[in-house]
Amino acid sequence: MSGTRERTARQAGIPMRPGPSPAQMACGHTANGRTPEGLPACAICIGIVGGAQEVVASPDLTLRLARCLCGKECESDDRLPFFEYRGPGSSAANEVCKVCEFRHRNETFAAELFDPKKRRWVTGPVHDFEPIGDRPDLFYCGHDGWN
Ligand SMILES: [Zn+2]
Ligand SMILES: [Zn+2]
Ligand SMILES: [Zn+2]
């Protein structure tokens, strides 16, 4: 490791949401959409991951690293686009399986796993669920455009 300190989003050239921090949803994402009633929600997780319409306290992001799928990294900040907290106590740490890195549909029957890329439940090998635990947070840096 280089030992250099993580750069802020501004230093890394990553666009930040303007204004104050958005609501933290129980699914782990910051609010990125609204319900028909105008309440904060996570459009990514609605109908898939629990807590997509439940606002929770914002996690402590001190000294946490956020990473885009393209590999770009910066200090965690809840105003990063499509930010998802994956640290202690998060849905991602507690509900994603260490063995297969998917969400299991339930804890007793492990043959059905949720594939976020295909956005559907797929059949996988049966094994016991083991939580994956703390990982770097996720965000989207805009490398593939904004549409
Ligand atoms: Zn979500
Ligand atoms: Zn990226
Ligand atoms: Zn698994």
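Here our numbering is used: position 122 in the sequence shown is 102, and no number is missing along the way. Every residue, glycine too, gets a C-beta built ideally from N, C-alpha and C.
At the level of alpha carbons, what is the spacing between residue i and residue j?
i, j, result
"leucine 118", "proline 61", "9 Å"
"glycine -17", "proline 16", "Note that glycine -17 has pLDDT 44, beneath the 50 cutoff, so the model's placement of it is unreliable and the number below is only indicative. Between glycine -17 and proline 16, the C-alpha separation is close to 46 Å."
"tyrosine 65", "cysteine 7", "9 Å"
"arginine 100", "phenylalanine 94", "6 Å"
"alanine 21", "alanine 11", "5 Å"
"alanine -8", "lysine 52", "8 Å"
"glycine 13", "isoleucine 26", "10 Å"
"valine 102", "alanine 72", "18 Å"
"asparagine 127", "cysteine 121", "13 Å"
"aspartate 114", "glycine 18", "32 Å"
"asparagine 74", "arginine 59", "23 Å"
"threonine 42", "arginine -13", "13 Å"
"glycine 104", "glycine -1", "42 Å"
"lysine 98", "alanine 46", "23 Å"
"proline 116", "phenylalanine 63", "11 Å"
"histidine 9", "glycine 30", "11 Å"
Between residue i and residue j, which are expected to be in contact by the criterion C-beta below 8 Å, what is the C-beta distance as a whole number of angstroms?
i, j, result
"methionine 5", "alanine 32", "6 Å"
Hey, quick one: how far does the alpha helix (DSSP H) through residue i stretch, first residue to last?
i, result
"alanine -8", "-11 to -8"
Would you kindly report the start and end of the unbroken beta strand (DSSP E) that includes residue i?
i, result
"valine 102", "100 to 103"
"phenylalanine 94", "92 to 95"
Tell me whether the beta-carbon of residue i lies closer than 8 Å to the beta-carbon of residue j.
i, j, result
"isoleucine 28", "cysteine 77", "no"
"methionine -4", "alanine 3", "no"
"histidine 123", "cysteine 50", "yes"
"serine 38", "serine 1", "yes"
"glycine 69", "arginine 44", "no"
"valine 79", "glutamate 110", "yes"
Can you confirm whether residue i, when its beta carbon is compared against all beta carbons of chain D, has any partner nearer than 8 Å?
i, result
"aspartate 95", "The structure shown contains no chain D; it holds only a single protein chain."
Which runs of the beta strand (DSSP E) spanning at least 3 residues fall entirely within the region 15 to 81, listed in chain order?
45 to 47, 53 to 55
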